[in-house]
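Q:
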Amino acid sequence: MTIADQPGSEEKLSILRRIALFSSCTEEHLHLVAARTRLVEYKKGEMLYREGEAAAALYIVASGRLEVFSVIDGTKHLYTVLHNGDTFGEVSLLTGEPHSATVQALNDTLIFQLEKHDFEELINRIPSLVLYLSRLLSKRLRIKGHAAGGGTEATILAIYSAARGVGRTLFTVALATSLRRETHQPVILVDVNTPEGQINRFFGGASHPHVRSIVHQGLVSDEEIAHEIQHHPAGFDFLYAGAPTTHEGHEALIAPLASELAQHYRYILMDLPIDVDATVLKALTQADLIYLVTDCTRESVIRTQALMRQLRDAVGSPPQQMKIVLNLVESERERLTSAQVAETLERPIDLALPHIETPSGEVSIDELLRLLDQRNSPYARAVRYVARDLGGLLVGLALGSGAALGLAHIGVLKVFEREHIPIDLVSGSSIGALVGGLWASGVSAQELERMALRFKNPWDIRRLFVFDLGLPAASLVIGALAGGLMGVLAGVWAGLLLGFIVCVILALLMGPLVGGPIQGAQLMAH
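So that you can map any letter, position 198 of the sequence shown is 268 in this note's numbering, and since no number is skipped, the others follow by simple counting.
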């Protein structure tokens, strides 16, 4: 907690007038309140007070977000999320009991704080405060018995990259589009990267309105920002915050902007520039999730590795808050394999974006939106998975064991394909693992049915393995040696038979799967 720069008297009065608690106060009463409140800043993650502590003040949110929760038997129970203008701490002040919940800042937050003795003086001098607080107390006591669960709170996503040309902006637009389509929740893309005059890269060939930087205009209030929000043809909203390198103090607007938008949007995506400056660091500290986008080139991966270390030192993001997005775009520069990228970054890849083939070699926004309309395209499926994961909409399919049940599995899969029901995760046991693995590797339900109908007897299953088993050189050498020795001792035919048996056994034990449906199923099962 730090004491923030105090606003001027008129600015303070203007803010207090917009707070419901003081809406019925006279000008004289507002001046009394303004003289006794102070503006305090809490950084993201700071606790304002903990459950069981004695009440010390009344708190009013000037900007930011806070969560109110209790920890019961080691489990966090969320009651509500507080936004601009919300009041809290009054229950314990009025009842004299310790705080019944913990309050923590979700973003950098500015709070008007009214100390306990000043609060007691004001409620004795301003009757309207007592009436409002009594109604609020009744409402809070009703809410206390019903945990909100946190399912509808805003999620702030920062999309970042260490190098240009790795597909960050395309991924941002694709994710915003997919989030809107899959969750049907309000989504906004905030651009804090593009220089003025280049905004058309977000709108493609569609006519786009003239947008102005909210930072360059000095806009911070909800009403002012609302006039600058534009609707994108893909369904989400768009806000231009302006390129940060041209305006000092840009970073000071990020936290208030995020808290304002969080009251109206379920998902807030910030497209950030590659230069690590105060604005970028502020945006990253306010984000709930950080997506780091890179391609497979050695240069980009090394720069991403250095960036991750810098972010850990500057932001302190835990590993689960940072996601690695690997764009498999083709390049003439030296490329690393996915395994080498993961090894270099010292963490697994969270999402691989398939390469997008276009006649020009470059992907425009218009081409991207047409691609997202093709639900079976690999790129659209990858981004849609992220959107469904963020929305808590993933659908899993569990396939059981039993050989006869395998045919029933295929029938179920045919229905899913026919009705276009998306399946995001597949698990299985025995025959269920085989069928699920084949299906996940790209074999359609119709192809699975044709394969199953070819099994007239148990021996027909060998057809699945014809193109899968490899024959390592070691098995040939050892089989030849064993056959030659047996041929010397027991004759040619005995030697050939033993050599063949040894070669086959070693091939089964040592030989890798080199292709075909079984290898695909095994890979998908892992």
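Ideal placement from N, C-alpha and C gives every residue a C-beta, glycine not left out.
1) Excluding the 5 residues preceding and the 5 following L495 in the sequence, name in chain order all residues of the same chain whose CB lies nearer than 8 Å to its CB.
2) Please confirm whether L495 has its beta-carbon closer than 8 Å to some beta-carbon of chain D.
3) Measuring CA to CA, which of V243, Q356, M340 is closest to H302?
4) Going along the chain, which residues of its own chain have a beta-carbon closer than 8 Å to the beta-carbon of G221, five neighbours each way excluded?
5) Please name the residue, chosen from P492, S401, F158, that lies closest to L128 on a Cα-to-Cα basis.
6) Should T107 go down as buried or exposed, given a rule of 16 or more other Cβ atoms within 10 Å for buried?
7) So the beta strand (DSSP E) D365 belongs to, where does it begin and stop?
8) Could you say which of V485, G549, S500 lies nearest to E519 if we only look at CA atoms?
9) First and last residue of the beta strand (DSSP E) that includes D341?
10) Taking E111 as part of the beta strand (DSSP E), name the residues at either end of that continuous run.
11) Helix, strand or coil, according to DSSP, for Q375 in the structure here?
12) Kindly indicate which three-state DSSP category F306 falls into: helix, strand or coil?
13) DSSP state of R251, grouped into three classes?
14) Three-state secondary structure (DSSP) at S93?
15) Report the partner residues of Y230 according to the DSSP bridge assignment.
16) Suppose contacts are defined by Cβ-Cβ distances below 8 Å. Is D493 in contact with A357 by that definition?
17) Please report the distance separating the alpha-carbon of Y202 from that of E413.
18) Okay, do the stretch 111-131 and the stretch 141-156 touch, 3+ Cβ pairs below 8 Å being the bar?
19) Can you name, in chain order, every residue of its own chain whose Cβ lies under 8 Å from the Cβ of L406, other than the five neighbours on each side?
20) Would the stretch 89-108 and the stretch 136-147 be scored as touching if the rule is three or more Cβ pairs under 8 Å?
21) Please report the straight-line C-alpha distance between S511 and L469, rounded to a whole angstrom.
22) Give the secondary structure of L463 by DSSP, where H, G and I count as helix, E and B as strand, and everything else as coil.
23) My parser needs the alpha helix (DSSP H) runs of 4 or more residues fully inside the stretch 405-472; what are they?
24) Would you kindly work out how many angstroms separate the C-alpha atoms of L249 and L163, rounded to a whole number?
25) Q62 to L199, Cα distance in whole Å?
26) Out of A457, L83, V236, state which residue places its alpha-carbon closest to the alpha-carbon of A255.
27) Using DSSP with H/G/I as helix, E/B as strand and the rest coil, what is H147?
28) Which stretch, first to last residue, makes up the alpha helix (DSSP H) that contains N194?
29) On a Cα-Cα basis, can you pick out the residue from T145, A126, L184 that is closest to E167?
30) So S408 and I419 are in contact, right, with Cβ under 8 Å, and what is the actual spacing, rounded?
31) If we count the other Cβ atoms within 10 Å of its Cβ and call it buried at 16 or more, is S471 buried or exposed?
32) Here's the rule I'm using: 16 or more other beta-carbon atoms within 10 Å means buried, otherwise exposed. How should N446 be labelled?
33) What's the C-alpha gap between G561 and S499?
34) For the alpha helix (DSSP H) that V505 lies in, which residues bound it at each end?
35) Would N397 and T355 qualify as a contact pair, given that the criterion is a beta-carbon distance under 8 Å?
36) Enumerate in chain order the residues of its own chain whose CB-to-CB distance from V505 is below 7 Å, with the five nearest sequence positions on each side excluded.
A: The short version:
1) For this step, residue 495 is matched to residue 425 along the sequence shown. For L495, where only same-chain residues beyond five positions count, the Cβ hits under 8 Å are L464, V465, G466, L467.
2) Protein chains in the displayed structure number just one, and chain D is not present.
3) Sequence index remark: in the sequence shown, residue 302 carries index 232 (1-based). When only C-alpha atoms are compared, the closest one is V243.
4) Sequence index remark: in the sequence shown, residue 221 carries index 151 (1-based). Since pLDDT at G221 reaches only 46, below the 50 mark, its modelled position is unreliable, and the value read off the structure follows with that caveat. Non-local beta-carbon contacts of G221 in its own chain, meaning distances under 8 Å to residues more than five positions away in sequence, involve G462 in chain order.
5) Here the question's residue 128 lines up with position 58 in the sequence shown. Comparing Cα positions, the closest option is F158.
6) Sequence index remark: in the sequence shown, residue 107 carries index 37 (1-based). Buried.
7) In the sequence shown, residue 365 corresponds to position 295, counting from 1. Taken as a continuous stretch (DSSP letters only), the beta strand (DSSP E) holding D365 covers 359-365.
8) Taking the first residue of the sequence shown as position 1, residue 519 is located at position 449. Measuring from the Cα of E519, the nearest candidate turns out to be V485.
9) As a working note, residue 341 is residue 271 in the sequence shown. From DSSP, the beta strand (DSSP E) with D341 extends over 337-341.
10) Walking along the sequence shown from the start, residue 111 turns up at place 41. That run of the beta strand (DSSP E) goes 107-112.
11) Locating residue 375 in the sequence shown gives position 305, counting from the first residue. Of the three classes helix, strand and coil, the one that applies to Q375 here is helix, per DSSP.
12) Position 236 of the sequence shown, counting from 1, holds the residue named residue 306. It is coil, neither helix nor strand.
13) One-based indexing of the sequence shown puts residue 251 at position 181. Helix, per DSSP.
14) Working through the sequence shown from its first residue, we reach residue 93 at position 23. Secondary structure of S93 (DSSP, three-state): coil.
15) Mapped onto the sequence shown, residue 230 falls at position 160. DSSP lists L362 as partners of Y230.
16) On the sequence shown, residue 493 is found 423 positions in, with the first residue counted as 1. On the sequence shown, residue 357 is found 287 positions in, with the first residue counted as 1. According to the sequence provided, residue 493 is Ile. The question's Asp does not apply to it. If you check the CB distance, I493 and A357 do not come in under 8 Å.
17) As a first step, residue 202 is located in the sequence shown; it is residue number 132 there, counting from the start. As a first step, residue 413 is located in the sequence shown; it is residue number 343 there, counting from the start. Computed Cα separation, rounded: 59 Å.
18) Contact between the stretch 111-131 and the stretch 141-156 is present, because at least three Cβ pairs lie under 8 Å.
19) Residue 406 sits at position 336 when you count from the first residue of the sequence shown. The answer, listed in chain order, is C366, T367, R368, V371, T414.
20) Short answer: they don't touch.
21) Position 441 of the sequence shown, counted from the first residue, corresponds to residue 511. Position 399 of the sequence shown, counted from the first residue, corresponds to residue 469. For S511 and L469, the distance between alpha carbons rounds to 15 Å.
22) Here residue 463 is taken as the residue at index 393 of the sequence shown, counted from 1. L463: coil per DSSP, three-state reduction.
23) 408-415, 435-443, 448-460, all fully within the stretch 405-472.
24) Counted from its first residue, the sequence shown places residue 249 at position 179. Counted from its first residue, the sequence shown places residue 163 at position 93. When only Cα atoms are considered, L249 and L163 end up about 42 Å apart.
25) In the structure displayed, the chain extends from 71 to 596; residue 62 sits before or after that span and is not available.
26) As a working mapping, residue 255 is identified with position 185 in the sequence shown. The sequence shown places Gln at residue 255, not Ala. For the set A457, L83, V236, the Cα lying nearest the Cα of Q255 is the one of A457.
27) The sequence position of residue 147 within the sequence shown is 77, counting from 1. DSSP places H147 in strand when its eight states are reduced to three.
28) Residue numbering aside, residue 194 sits at position 124 when the sequence shown is read from its first letter. Segment 186-195, the alpha helix (DSSP H) holding N194.
29) Counting from 1 along the sequence shown, the entry for residue 167 is found at position 97. Of T145, A126, L184, the residue nearest in Cα terms is A126.
30) In the sequence shown, the residue the question calls residue 408 occupies position 338. In the sequence shown, the residue the question calls residue 419 occupies position 349. Yes, they are in contact, since the Cβ atoms of S408 and I419 sit about 6 Å apart, within 8 Å.
31) Along the sequence shown, read from residue 1 onward, the residue named residue 471 stands at position 401. S471 sits exposed, since fewer than 16 C-beta atoms from the chains shown fall within 10 Å of its C-beta.
32) Here residue 446 corresponds to residue number 376 of the sequence shown, with the count starting at 1. When all chains shown are included, N446 counts as exposed.
33) Within the sequence shown, numbered from 1, the residue matching residue 561 stands at position 491. Within the sequence shown, numbered from 1, the residue matching residue 499 stands at position 429. Straight through space, the alpha carbons of S499 and G561 are spaced by roughly 47 Å.
34) Along the sequence shown, one-based indexing puts residue 505 at 435. Its alpha helix (DSSP H) spans residues 501-510.
35) Indexing the sequence shown from 1 puts residue 397 at position 327. Indexing the sequence shown from 1 puts residue 355 at position 285. In this structure, T355 does not lie closer than 8 Å to N397 by Cβ.
36) On the sequence shown, position 435 is the one that residue 505 refers to. Within the same chain, V505 has close Cβ partners L469, G476, H479, I480, G498, L518.
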